[in-house]
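Numbering (mature numbering (1 follows the signal peptide of the UniProt record, and there is no 0)) for the sequence shown: -23 to -1, 1 to 153.
Just so you know, even glycine gets a beta-carbon here, dropped at the ideal spot from N, CA and C.
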Amino acid sequence: MALVRHALALCAAGSLLGLGANALTPRPAPLGHEVAAAADAPGAACQIQGLQAAIPRISVEEATPLCVACSALFVDARSSAEYEAGHITGALHLAPGEAVDPVLWRLGVYKTVVVYDRDPNCSVADQVAKKLLEHGVQDVRVLTGAWPAWTAARAPNAAGSCASCGPPATAAKGSP
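What follows is the structure, encoded as structure tokens:
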């Protein structure tokens, strides 16, 4: 009986140490957070059933003039590292697990919000778009083809040709 108690104690201690180490690593295992983990893992499959049909789409051809005219806000749902490596001009970074409330004032000043992620077959962007819709943002669309389609079309990005758009003048009035 003492041997069983020691074995259980070792298992419990090992589990706690493993969970603690996982929480402290820069790339923790998903442990039930598959969407956020999928956004951070290059090449990972991240299909979330049922969302793609519910969120309207916008093509690169339709979205590019919105970027150039600064008439839409683009939301990057990729990992922080991918965002830092390059993103659509003026895009706001908002990963699936991040809170929407602190950035709602910025989203609300644009008529259209376009969300994109890294994978044309991935619905991390759909998850972020759904969260924005649930928080009252009216016109939210997901970029067809995601980041690869945008870069393949040589559309404006952080290193590209169009000037970075700041929030419209009305944003200053509503900003915190």
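Taking a C-beta distance under 9 Å as the contact criterion, V37 and T89 do not qualify as a contact pair. In the structure shown, V114 falls within a coil segment according to DSSP collapsed to helix, strand and coil. Residue state for L71 is assigned as coil, using DSSP reduced to three classes. DSSP, read as helix, strand or coil, puts D96 in coil. Per DSSP, A49 is one residue of the beta strand (DSSP E) stretching across A49 to D53. Annotation: A31 is outside any alpha helix (DSSP H) and is labelled neither H nor E by DSSP.
As computed with DSSP, T89 is found in a beta bridge with A49 and D116.
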